[in-house]
Amino acid sequence: MTVPLFIDRRKSGLRVRDVFFAEHARQLPPGKVDLLYFLQSPVAAPRSTDFYTSLIDLRQDEEALLEGINKGVRYEIRRARDKDGLQASFCVPDQARLDTFFAFYDAFAASRELTLANRDKLLALRAAGALQLAWIADPGAADAGWLCAHAYIVDGRRTRLYHSASPVGEAATADRQRIGRANKLLHWQALQHFKAAGVACYDMGGISMGEALKAIDDFKRSFGGELVKEFNRIEAASLRGRLALALLAMKDRLRGSGGTAAE
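So, in structure tokens, the structure goes:
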């Protein structure tokens, strides 16, 4: 039986095990863990929450993959490759490359008021051999600065987009159309790259199903794929974990009633 991808880390003093794309924990090796976080499990369970994403089947031939992409997006992919002269790079990152990604992503996240890169989680994924980075550098820039970059969770069967970022600042604003084309090309060349590596599925990293992020959802859906509902949940694996979940439930009830923990 195949052992699912998992990583162990600490969060708020608790020993946490993140389990990716798995139904349950029975295949996992033993470990001193307080909480099990099941991320994108295919099965619902008590207290699980819905998670929607778009999954692209990489077992198709390349012609079918390309045909599944929106016609306008296909045009921009060709233009980015043939006229802009852009090309994606992929790697299992060493610390220097990961530090470059952290700086690039954090600048992007700060400009959008998003959470900064989760360094502990990304480092744990790298230690598990489950992290890859991809980027497109600007061939016309003296420092070969990045036009876009992605971080992927890879478990051998599925590649999941975890972070995506683009440059910020006045120069980036003026060059936003080329940056947009670069990001489309990066997705396409990632499909090709992971297909060639024998990965079966490309996960666009979540579909919000809401109006606020509809433009991002539409972009992800423009690459084809199937809309799939999966499930996230937290399970206690120790007394400390059970106490932590009880405290979390109490806080949720207080928020729902309009109170606060201080009250």
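Each residue of the sequence shown is one higher than the one before, starting from 85 at the first, in the working numbering.
Every residue, glycine too, gets a C-beta built ideally from N, C-alpha and C.
For residue i, which of helix, strand or coil comes out of DSSP?
i    : result
F278 : helix
G343 : Confidence in G343 is poor, its pLDDT being 47 and thus under 50, which makes the residue's placement unreliable; the coordinate value appears in the next sentence. Here G343 sits in coil by DSSP.
F105 : coil
D92  : strand
L360 : Summary: the structure shown does not reach residue 360, with the chain confined to residues 85 through 347, and so no result is reported for it.
A299 : helix
L327 : helix
F315 : strand
A233 : strand
A284 : coil
A320 : strand
Considering only the alpha carbon of each residue, which of the options lies closest to residue i?
i    : options                : result
G264 : T86, L170, I91, A191   : L170
E314 : A106, Q124, G115, E107 : Q124
W272 : F185, G97, Y159, H247  : Y159
V87  : A233, A164, A109, D190 : A109
A128 : E107, Q111, L120       : E107
G289 : R242, A330, A191, P113 : R242
L112 : R131, D92, L98, S96    : D92
V312 : D190, L139, R163       : L139
V176 : Y236, A225, G156       : Y236
Would a C-beta distance cut-off of 8 Å place residue i and residue j closer than the cut-off?
i    : j    : result
L231 : A221 : yes
F122 : R324 : no
R244 : D301 : no
D141 : A328 : no
I348 : T137 : Within the shown structure, residues of the chain are numbered from 85 to 347, placing residue 348 beyond reach of any answer.
H247 : A321 : no
A277 : F188 : In the sequence as presented, Ala is not what sits at residue 277; that position holds His. In this structure, F188 does not lie closer than 8 Å to H277 by Cβ.
A274 : A249 : no
A214 : L89  : yes
Does the ligand COA have a heavy atom nearer than 7 Å to the CB of residue i?
i    : result
A193 : Although the ligand COA was asked about, the structure shown includes no ligands whatsoever.
8 Å is my cut-off, CB to CB: does residue i come that close to chain C?
i    : result
S132 : The structure shown contains no chain C, having only a single protein chain.
Open item on the list: Does the contact criterion of 3 or more C-beta pairs under 8 Å hold for the region 277-289 versus the region 180-198?
Closed with: no
Open item on the list: Pairs of beta-carbons, one from the region 135-146 and one from the region 196-209, closer than 8 Å: are there three or more?
Closed with: no
Task: Segments assigned beta strand (DSSP E), at least 3 residues, entirely inside the region 109-183 - done: 119-125, 133-141, 172-175
TODO: Entirely within the region 241-279 and at least 3 residues each: give me those beta strand (DSSP E) ranges in chain order.
DONE: 242-249
Open item on the list: I want to know whether the region 100-108 touches the region 294-308 - three or more CB-CB distances under 8 Å.
Closed with: no
Task: Inter-stretch contact (C-beta, 8 Å, three-pair minimum) for the region 247-264 and the region 191-200 - done: yes
Open item on the list: As an exercise, report each continuous beta strand (DSSP E) stretch of at least 3 residues that is fully enclosed by the region 193-221, in chain order.
Closed with: 215-221
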